[in-house]
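Notes to accompany the following structure.
Numbering (the working numbering), first residue to last: 24 to 198.
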């Protein structure tokens with residue numbers, strides 16, 4: 024029965040169709056913040072009514088030091104994982120894989136050579152699918168290493184560039 028109710032679009036509820044008057048909420052809202060300290064469970068109320076400073080405009084709350092002595096520290100800047108170097112290395116790997124497939128297919132089509140890798144299919148679709156899967160896996164490994172801030176993140180696409188470079192050079196030599 025529950026599966027039927029879910030399949031039919033869920034249970035109808037009058038609260039789901041009620042309109043929310045956002046303009047009224049904005050006028051009536053009083054914003055306040057509460058800071059609790061774990062030691063003695065006391066709280067400091069930082070609402071706009073708790074300060075009587077005449078220099079502050081209405082609605083502006085002055086900063087007050089914490090009773091527990093906490094200091095607000097901005098978060099550390101996290102280095103970007105996907106940047107121009109990541110795109111350069113993995114894009115070069117993808118380009119060399121495509122050029123390797125093109126050169127191999129040209130060589131196979133002119134009957135001057137054959138595929139040197141016994142595990143690689145000789146059809147265009149087979150070579151593209153295997154190479155794109157290898158490039159995707161290499162990019163994933165490179166991403167994971169770069170995210171963990173390893174200095175060896177570039178090795179996976181570099182090995183692919185060198186391997187496909189050998190394939191391109193062989194294709195050029197057998198033209």
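Idealized CB from N, CA, C, for every residue including glycine.
{"Query": "Between which two residues does the alpha helix (DSSP H) harbouring residue 126 extend?", "Result": "107-132"}
{"Query": "Determine whether the beta carbon atoms of residue 152 and residue 131 lie at a separation below 8 Å.", "Result": "no"}
{"Query": "Taking the CB atoms as reference points, tell me whether residue 136 and residue 197 lie closer together than 8 Å.", "Result": "yes"}
{"Query": "What's the call for residue 133, buried or exposed, on a 16-neighbour Cβ count within 10 Å?", "Result": "exposed"}
{"Query": "State the DSSP-derived secondary structure class of residue 180, mapped to helix, strand or coil.", "Result": "helix"}
{"Query": "One question on the structure: do residue 191 and residue 126 come within less than 8 Å of each other, judged by their Cβ atoms?", "Result": "yes"}
{"Query": "Enumerate in chain order the residues of its own chain whose CB-to-CB distance from residue 63 is below 6 Å, with the five nearest sequence positions on each side excluded.", "Result": "With a pLDDT of 46 at residue 63, under the threshold of 50, the modelled position of this residue cannot be trusted, and the question is left open."}
{"Query": "Taking the continuous alpha helix (DSSP H) assigned at residue 167, which residues delimit it?", "Result": "147-170"}
{"Query": "Using only alpha-carbon positions, find the residue among 98, 102, 95, 147 that is nearest to residue 173.", "Result": "102"}
{"Query": "Check residue 99 in the structure and name its three-state DSSP category.", "Result": "coil"}
{"Query": "Where does residue 194 fall in DSSP's three states?", "Result": "helix"}
{"Query": "How big is the Cα-Cα spacing for residue 65 and residue 100?", "Result": "Unreliable positioning characterises residue 65 in this predicted model, as indicated by a pLDDT of 47, which lies under 50. A coordinate reading is not provided."}
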